[in-house]
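Trainee: The structure follows.
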Amino acid sequence: MTFPVVGMVGGGQLARMTHEAGIPLGIRFKLLSDTPQDSAAQVVGDVVIGDYRDLDTLRDFARGCDVITFDHEHVPTEHLRALEADGIPVRPGPDALVHAQDKGVMRARLDAIGVPCPRHRIVSDPADVAAFAAEGLSEGAEGDGFPVVLKTVRGGYDGKGVWVVRSVEEAEDPFRAGVPVLAEEKVDFVRELAANVVRSPHGQAVAYPVVESRQVNGVCDTVIAPAPDLPAERALQAEQLALNIAKELDVIGHLAVELFETRDGRILVNELAMRPHNSGHWSQDGAITSQFANHVRAVLDLPLGDPRPRAKWTVMVNVLGGDYPDMYSAYLHCMARDPQLKIHMYGKDVKPGRKVGHVNTYGDDLADVLDRARHAAAYLRGTITE
Numbered sequence: 227m228t229f230p231v232v233g234m235v236g237g238g239q240l241a242r243m244t245h246e247a248g249i250p251l252g253i254r255f256k257l258l259s260d261t262p263q264d265s266a267a268q269v270v271g272d273v274v275i276g277d278y279r280d281l282d283t284l285r286d287f288a289r290g291c292d293v294i295t296f297d298h299e300h301v302p303t304e305h306l307r308a309l310e311a312d313g314i315p316v317r318p319g320p321d322a323l324v325h326a327q328d329k330g331v332m333r334a335r336l337d338a339i340g341v342p343c344p345r346h347r348i349v350s351d352p353a354d355v356a357a358f359a360a361e362g363l364s365e366g367a368e369g370d371g372f373p374v375v376l377k378t379v380r381g382g383y384d385g386k387g388v389w390v391v392r393s394v395e396e397a398e399d400p401f402r403a404g405v406p407v408l409a410e411e412k413v414d415f416v417r418e419l420a421a422n423v424v425r426s427p428h429g430q431a432v433a434y435p436v437v438e439s440r441q442v443n444g445v446c447d448t449v450i451a452p453a454p455d456l457p458a459e460r461a462l463q464a465e466q467l468a469l470n471i472a473k474e475l476d477v478i479g480h481l482a483v484e485l486f487e488t489r490d491g492r493i494l495v496n497e498l499a500m501r502p503h504n505s506g507h508w509s510q511d512g513a514i515t516s517q518f519a520n521h522v523r524a525v526l527d528l529p530l531g532d533p534r535p536r537a538k539w540t541v542m543v544n545v546l547g548g549d550y551p552d553m554y555s556a557y558l559h560c561m562a563r564d565p566q567l568k569i570h571m572y573g574k575d576v577k578p579g580r581k582v583g584h585v586n587t588y589g590d591d592l593a594d595v596l597d598r599a600r601h602a603a604a605y606l607r608g609t610i611t612e
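Residues 227 to 612, numbered by my numbering, are exactly what the sequence shown covers, in order.
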């Protein structure tokens, strides 16, 4: 029996870490990457350089693959349907993935299945944004209903394609892209959470502990697993919500459900991602089976692994590029200071603000675990030197 070949579309760090998770299983990977310098292209043996937006390129790439999966959501939906028509398993399939590709489609579907979301609707122009803002005012309330959040329905990530607008004048920029714009209420939230689940074709599903995700300038900075001080019933609600979304949308593979925990005790769905996700990176070292290993298992319809944590607390902090490009020289200090520290680098050129790696720490004392992770990430970036 030959081991299967997983075709991964996209050469970023998610593909790199998913490939790493498949190595112990003997799984062969084939990669469709934009350039030979991409993160995953540096480590995968079988690399095709090409444009995922070109159907002929996708079809040629898919030959010899037993299943196709992704490290991003940008492959055109119609191309994925064409691959399925060719008999190639695509996981997640286009009918599921479109909900991560198009925020308007996502909101409509989540409404239909009764998932709690922020107030929202598609808006046509700045005047319509002002009307949407006013619709959120309670009877007799003063003001104009601003601020509101505007999002382009396709293509946004890490804060891109998202605007917080405080007036009708500020609402002009999002419409210049010429794509539909989704307006959402600006939620008064206590913190952001994420529920990560994995589902296989035959319906087996597992849920990781709900985590707290802390953002800086629209980019994930820190993830704490499990989310501190989250009542057990609310954690269970979030896990069940994510599992239900995965089932209703027929997601195959990893699903990240980004959530708001509101000041009045509600859980609202912010975004969906149908691939391994930054909020699940802690699981590489903190869970019995990582999100990457379970994604590989799911797309191949293998039994899923145990998602339970190995330690009381695990913290992930992203390493962002700064003005200090020589990160390798910082290893001596970081590894000597904390022998339990886990460093994961992506092979990327260091640019200010770019995600170039992450660190994981774990232990029984949350304050200590947080301090160790933050110190290592800051030292690697060069913002501290002791």
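Cβ coordinates follow ideal geometry from the N, Cα and C atoms, glycine included. Predicted model only: the values in this text are computed from it and were never measured.
1) DSSP on residue 500, reduced to helix/strand/coil?
2) Please work out which residues of its chain come closer than 6 Å, Cβ to Cβ, to residue 375, disregarding the five sequence neighbours upstream and downstream, and give them in chain order.
3) Taking the alpha helix (DSSP H) that residue 244 belongs to, which residues open and close that run?
4) Where in the region 538 to 593 do unbroken runs of the alpha helix (DSSP H), each at least 4 residues long, occur, reported from the N-terminal end onward?
5) Would you list the one or two residues that DSSP bridges to residue 488?
6) At 4 residues or longer, and completely inside the region 330 to 374: list those alpha helix (DSSP H) runs for me, N to C.
7) Between residue 492 and the rest of its own chain, which residues show a CB-CB distance below 7 Å, the 5 nearest in sequence each way excluded?
8) Quick one: what does DSSP say residue 505 is sitting in, helix, strand or coil?
9) Compute the Euclidean distance between the alpha carbons of residue 354 and residue 296, then round it to the nearest angstrom.
10) So who's on the other strand from residue 518, going by DSSP bridges?
11) Taking Cβ positions, are residue 596 and residue 525 nearer each other than 8 Å?
12) From what residue to what residue does the beta strand (DSSP E) around residue 441 run?
13) Give me the Cα-Cα distance between residue 418 and residue 563, rounded to the nearest whole angstrom.
14) In chain order, what residues of the same chain lie with their CB nearer than 8 Å to the CB of residue 505, ignoring the 5 residues before and after it?
15) Start and end of the alpha helix (DSSP H) containing residue 282?
16) Helix, strand or coil for residue 167 per DSSP?
17) Rounded C-beta distance between residue 360 and residue 370? I'm assuming under 8 Å.
18) How would you label residue 428, buried or exposed, when you count the other beta carbons within 10 angstroms and need 16 or more for buried?
19) Thinking C-alpha only, which one of 232, 572, 336, 591 is nearest residue 582?
20) If we call anything under 8 Å between Cβ atoms a contact, is residue 546 one with residue 607?
21) Among 398, 248, 305, which residue has its Cα nearest to the Cα of residue 279?
22) Quick check on the burial criterion: 16 or more other C-beta atoms within 10 angstroms. Buried or exposed for residue 509?
23) At which residues does the alpha helix (DSSP H) containing residue 471 begin and terminate?
24) Helix, strand or coil: which one does DSSP assign to residue 453?
25) Mind checking residue 367: buried by the 16 CB within 10 Å criterion, or exposed?
26) The alpha helix (DSSP H) that contains residue 295, what's its start and end?
27) Since residue 376 sits in a beta bridge, which residues does DSSP pair it with?
28) Mind checking who residue 535 pairs with in its DSSP beta bridge?
29) Quick check: the Cα distance between residue 398 and residue 253, rounded to an integer number of angstroms?
30) Kindly indicate which three-state DSSP category residue 480 falls into: helix, strand or coil?
31) If the criterion is Cβ atoms closer than 8 Å, does the pair residue 284 and residue 323 meet it?
32) Which first and last residues belong to the beta strand (DSSP E) in which residue 273 is found?
33) May I ask which residues mark the beginning and end of the beta strand (DSSP E) holding residue 431?
34) So, is residue 593 buried or exposed, given that buried needs 16 or more other C-beta atoms within 10 angstroms?
Mentor: Walking through what the data contain:
1) Taking the sequence shown and counting its residues from 1, one reaches residue 500 at position 274. Residue 500: coil per DSSP, three-state reduction.
2) As a working mapping, residue 375 is identified with position 149 in the sequence shown. Correct list, in chain order: 390, 410, 412.
3) Numbered from 1 along the sequence shown, position 18 holds the residue referred to as residue 244. Counting along the chain, the unbroken alpha helix (DSSP H) around residue 244 starts and ends at 239 to 248.
4) Within the region 538 to 593, the complete alpha helix (DSSP H) runs of at least 4 residues are 557 to 563.
5) Walking along the sequence shown from the start, residue 488 turns up at place 262. Note: residue 488 sits in a beta bridge opposite 415.
6) List check, alpha helix (DSSP H) in window: 352 to 361.
7) On the sequence shown, position 266 is the one that residue 492 refers to. Leaving aside the five residues that flank residue 492 on each side, the residues in its chain whose CB is nearer than 7 Å to its CB run, in chain order, 342.
8) Here residue 505 refers to the residue found at position 279 when the sequence shown is read from its first residue. Reduced to three states, the DSSP call for residue 505 is helix.
9) The residue given as residue 354 occupies position 128 in the sequence shown. The residue given as residue 296 occupies position 70 in the sequence shown. Residue 354 and residue 296: Cα-Cα distance of roughly 36 Å.
10) Here residue 518 refers to the residue found at position 292 when the sequence shown is read from its first residue. DSSP, once it has assigned bridges, lists no residue as partnering residue 518.
11) On the sequence shown, residue 596 is found 370 positions in, with the first residue counted as 1. On the sequence shown, residue 525 is found 299 positions in, with the first residue counted as 1. In this structure, residue 525 does not lie closer than 8 Å to residue 596 by Cβ.
12) Stepping through the sequence shown from its first residue, residue 441 is reached at position 215. Following the DSSP letters along the chain, one finds residue 441 inside the beta strand (DSSP E) bounded by residues 437 to 442.
13) Locating residue 418 in the sequence shown gives position 192, where the first residue counts as 1. Locating residue 563 in the sequence shown gives position 337, where the first residue counts as 1. Rounded to whole angstroms, the separation of the alpha carbons of residue 563 and residue 418 is 31 Å.
14) On the sequence shown, position 279 is the one that residue 505 refers to. Only 420, 422, 437, 439, 446, 449, 482, 484 meet the Cβ criterion.
15) On the sequence shown, residue 282 is found 56 positions in, with the first residue counted as 1. Its alpha helix (DSSP H) spans residues 281 to 288.
16) Since the first residue shown for the chain is 227 and the last is 612, residue 167 is missing from the structure and cannot be characterised.
17) Taking the sequence shown and counting its residues from 1, one reaches residue 360 at position 134. Taking the sequence shown and counting its residues from 1, one reaches residue 370 at position 144. Right, the Cβ-Cβ distance comes to about 6 Å (below 8 Å), so this counts as a contact.
18) Residue mapping note: residue 428 aligns to position 202 of the sequence shown, counting from 1. Around the Cβ of residue 428, a 10 Å sphere holds fewer than 16 other Cβ atoms; the residue is exposed.
19) By one-based count along the sequence shown, residue 582 stands at place 356. Of 232, 572, 336, 591, the residue nearest in Cα terms is 572.
20) Here residue 546 refers to the residue found at position 320 of the sequence shown. Here residue 607 refers to the residue found at position 381 of the sequence shown. In this structure, residue 607 lies closer than 8 Å to residue 546 by Cβ.
21) Position 53 of the sequence shown, counted from the first residue, corresponds to residue 279. In terms of Cα proximity to residue 279, the closest of 398, 248, 305 is 305.
22) Walking along the sequence shown from the start, residue 509 turns up at place 283. Residue environment for residue 509: buried (at least 16 other C-beta atoms within 10 angstroms of its C-beta).
23) Taking the first residue of the sequence shown as position 1, residue 471 is located at position 245. Per DSSP, residue 471 belongs to the alpha helix (DSSP H) from 458 to 474.
24) If you number the sequence shown from 1, residue 453 lands on position 227. In this structure, residue 453 counts as coil in the three-state DSSP scheme.
25) Residue numbering aside, residue 367 sits at position 141 when the sequence shown is read from its first letter. Residue 367 is exposed by the Cβ-count criterion.
26) Working through the sequence shown from its first residue, we reach residue 295 at position 69. Going by DSSP, residue 295 is part of no alpha helix (DSSP H) but of the beta strand (DSSP E) stretching over 293 to 296.
27) The residue labelled residue 376 in the question sits at position 150 within the sequence shown. Answer by DSSP bridge pairing, in chain order: 389, 409.
28) Counting from 1 along the sequence shown, the entry for residue 535 is found at position 309. Answer is 513.
29) As a working mapping, residue 398 is identified with position 172 in the sequence shown. As a working mapping, residue 253 is identified with position 27 in the sequence shown. Each residue's alpha carbon lies about 49 Å from the other.
30) As a position in the sequence shown, residue 480 is number 254, starting the count at 1. Residue 480: strand per DSSP, three-state reduction.
31) By one-based count along the sequence shown, residue 284 stands at place 58. By one-based count along the sequence shown, residue 323 stands at place 97. Between residue 284 and residue 323, the C-beta gap is not smaller than 8 Å, which leaves the two residues out of contact.
32) The residue you call residue 273 lines up with position 47 of the sequence shown. Note, residue 273: beta strand (DSSP E), 272 to 275.
33) In the sequence shown, residue 431 corresponds to position 205, counting from 1. Segment 431 to 433, the beta strand (DSSP E) holding residue 431.
34) Residue numbering aside, residue 593 sits at position 367 when the sequence shown is read from its first letter. With fewer than 16 other Cβ atoms from the protein chains shown falling within 10 Å of its own Cβ, residue 593 counts as exposed.
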